[in-house]
Each structure stands twice: as structure tokens, then as C-alpha cells.
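Asks:
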Amino acid sequence: MSSKRALLFALLVAAAVGALYLPVRGFDYIHLDDVYYVRDNGLLADGLDLRSIRTAFSGSYEYFYIPLTWLSYMADVQLSGFSPGAFHSTNALLHACAAALLFLALYLATSSTALSLATALLWAIHPMRVESVAWITERKDVLAGFFFAATLLSYVLYARRKGFGFLALATFTGVLALLSKPVAVVLPATLFLMDFWPLQRLPEGGFKENRRKWLSLAAEKAPLAIFSLAVVYLTLAAHSQSVSRSAGGYGPLGIMANVGSSYFIYLWHT
């Protein structure tokens, strides 16, 4: 399939996903977090104000280090005020674009149109993704998803020997994903998995025989991995305050049990 045809399919994916989520424009705030985190949030009140931007980047506002997500809310406020429809529309647009980028990344990596289309569309309409698009508070999820997909696409272009500029772009978009939601710390490992399949870049044989190749593969991900560690530190520092306030009398074992059960419940729903 030619590049123009692949881009056409990507646009069709974006259009289909965008049309599917079009009704969210008429949705109101959901009282589970939307009112507190968005509508009544003083950080967002002045839009893209320099002081607010500085606050978003300087610390863990509301126990989260998600400065780019706060900036995206500020941009919405700057353009449309606190209209819930505007927030929902931005979520839908980001998600539609992410699905298109995911299709392109998968197609360039596998050369399979059917597999790439099916995967991108199934991901886009999965109930867990529907929740993220329809819930204003989950902007961090759709924003991180957009930059995550952009990172995968940039990395595939780099792996197909399109130049080191794409590796730099993959690192940059990966950093933006991390600044949107800390869950993007899995990106370096995800890129290694892509080296295994479908890119098939891992060397055959042991580490000793292919030391240079393994070190080269690790060096590609090193900047993103270092930034991921920094985000992990900032997130843990932020949550240490949140957990101390919300854990109540559960104790360490109770907290660990809750984390474990939540993890498996999430995997089941996914």
C-alpha cells in the first residue's frame, strides 16, 4: 500500500472514531471529579496564564504530576471558557487522532492493513477508552494516549531507517506522554517489545556475542528511560501525601491488597 493510501486509511479511522464519539459534545460535567478537578479548579480559572503554567510545572498539583494535562485544560478555558462540550470535544478529537496514529504505526511495522485497522479500531472503541473520552477528568488518559501513539509511530519510522530525527521525535513525544500521565513510564519497555515484534530488531544469540547491538538498542531508549524515572519519583512524592491522607486505618498490608486487586480488576476489564 502506498503512503498516500495509508494516510487515507488513517484519515478514515480518525473520521470514524470522531463520528462515533461526536455525541459527547452535548454531555455535561460528570459529578465524579469533573466539578472539583475542572469546573471549580482555581488553577484553570485564568486560562493560559503564566502563573498558572508555572504552578502546573513546578509541583504536584492535586497530588498528580500531569502538567501537560493541566495546560490542555487551560487551553480549552482560554478558547471556550468552562463549556463542558468544549472539554468533551477536545477529548474526542485527541482520541480520534490517536487511533489514526496507532493505525499508521501498526501498518508501517507489520504491512498488514487488516490487522492494523482492526487493532486501531478495537482499541478506539474499547469500553475503557469510551470511559476516558466521555469523562472530562480523564483528559490525562486521552492526551497520554495521543502522544503514546505518536511515539510508537516515530519509533517505527526510525527503525525503518528513516533517520535519527525520528528517534529524537519519539523521545520528545514520549516525554510529552509522561507529562500527560505517568502511566507512560512503560514506553521504554514497549519500544523494546516492538524491537522483538513486529520490528524484529533484536539480535540472535546471547548478549556476549551481540554486546554492541544490545547496548545500541538500550542507548536508544536511555533518555526516555531516565525521564521516566524522574516522573516516577515525582509521582511517588506526590502520592505519598495522598496515600497518607486517604489510606486511613488500612495500614500497609491493606493498601497493598487494594493495589493488587485493583490491578487484576483493570486487566480483566481491559
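When we follow the working numbering, the leftmost residue of the sequence shown carries the number 454, and every step to the right adds one.
Backbone N, C-alpha and C fix where the C-beta goes; we use that ideal spot for every residue, glycine too.
All values reported here derive from a predicted model rather than from experimental measurement.
For the 8 Å Cβ check, are there 3 or more pairs between the region 595-608 and the region 618-637?
Replies: The region 595-608 is in contact with the region 618-637.
Asks: To the nearest angstrom, how far is it from the Cα of Ser699 to the Cα of Val685?
Replies: Only weak support is given to the placement of Ser699: the predicted model assigns it a pLDDT of 49, under 50, and the value that follows is read from those uncertain coordinates. Approximately 20 Å between the Cα atoms of the pair.
Asks: Please state the DSSP three-state secondary structure of Phe510.
Replies: In this structure, Phe510 counts as helix in the three-state DSSP scheme.
Asks: Check whether the region 556-567 and the region 487-504 touch, using three or more Cβ-Cβ pairs below 8 Å as the test.
Replies: No, because fewer than three Cβ pairs between the region 556-567 and the region 487-504 fall closer than 8 Å, the two stretches do not touch.
Asks: Can you list the beta strand (DSSP E) stretches of 3 or more residues lying completely in the region 595-679, in chain order?
Replies: Within the region 595-679, no complete beta strand (DSSP E) run reaches 3 residues.
Asks: Suppose only complete runs of 4+ residues qualify. What are the alpha helix (DSSP H) ranges in the region 467-543, listed by chain order?
Replies: Fully enclosed alpha helix (DSSP H) runs of 4 or longer: 503-511, 520-533.
Asks: Tell me where the alpha helix (DSSP H) around Trp588 begins and ends.
Replies: Looking at the DSSP string, Trp588 is not in any alpha helix (DSSP H), and its letter there is neither H nor E.
Asks: Nearest-angstrom Cα distance between Tyr482 and Leu668?
Replies: Spanning the two alpha carbons is a distance of roughly 49 Å.
Asks: CA-CA distance, Gly738 and Ser505?
Replies: Here the chain comprises residues numbered 454 to 723, so residue 738 is not present and cannot be evaluated.
Asks: So, helix, strand or coil for His579, using DSSP?
Replies: His579: coil per DSSP, three-state reduction.
Asks: Between Ala683 and the ligand NAD, is the CB less than 7 Å from at least one heavy atom?
Replies: Ligands in the displayed structure: none, and consequently the ligand NAD is not present.
Asks: Which of the three DSSP states, helix, strand or coil, is assigned to Ser564?
Replies: Coil, per DSSP.
Asks: Can you give me the Cβ contacts of Gly538 inside the same chain, cut-off strictly under 6 Å, excluding the 5 residues immediately before and after it?
Replies: Cβ neighbours of Gly538 beyond the five flanking positions: Arg478.
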